[in-house]
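To convert, note that position 22 of the sequence shown is 22 in the working numbering; the numbers rise steadily by one, no gaps.
For every residue, glycine included, the Cβ atom is placed at its ideal position computed from N, Cα and C.
Values in this document were obtained by computation on a predicted structure and should not be read as measured data.
Remarks on the structure that follows.
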Amino acid sequence: MISQGEPYVVPLSFVYKDGSIYFHCAFEGRKAEAMKKSPVVCLEFDAMHGVSVESQTAYYTSVIAWGEAVSVSDMEKKREILQDLCVKYLKESTVITDSMTGRTEIIAVHLDKVTGKERKG
């Protein structure tokens, strides 16, 4: 995204669901302000699978995706996404309270374009 006139890259905890990327953030701050000002974003994901010293090759998977970041206002959808994030990162279900959904911004990036590259070992 663009923030304060320069590219701004932020690590995210995210889930992919129904063709969109969802993540959480604060209602205020540099990331929130940048998305409000210009909701068009580019996301990058990668995973290193290993390196071969002999062939001087890295094995990886990478994806770049573009889309528009929009705030999720539906409380049940926010609860669902927070639950999905807990299962992904905590490896367990968690009781998601109204307080949690009310104080957490959930952003959906509806993907317009996705490209990827992979090198398998």
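Bounds of the alpha helix (DSSP H) holding Asp98 are Asp98 to Arg103. Following the DSSP letters along the chain, one finds Val15 inside the beta strand (DSSP E) bounded by residues Phe14 to Lys17. In this structure, Ser20 lies near Val109, with their beta-carbon atoms less than 8 Å apart.
For the 8 Å CB-CB criterion, Lys113 and Ser62 do not form a contact.
When the five nearest sequence neighbours on each side are left out, the beta carbons in the same chain lying within less than 6 Å of the beta carbon of Leu12 are those of Phe23, in order along the chain.
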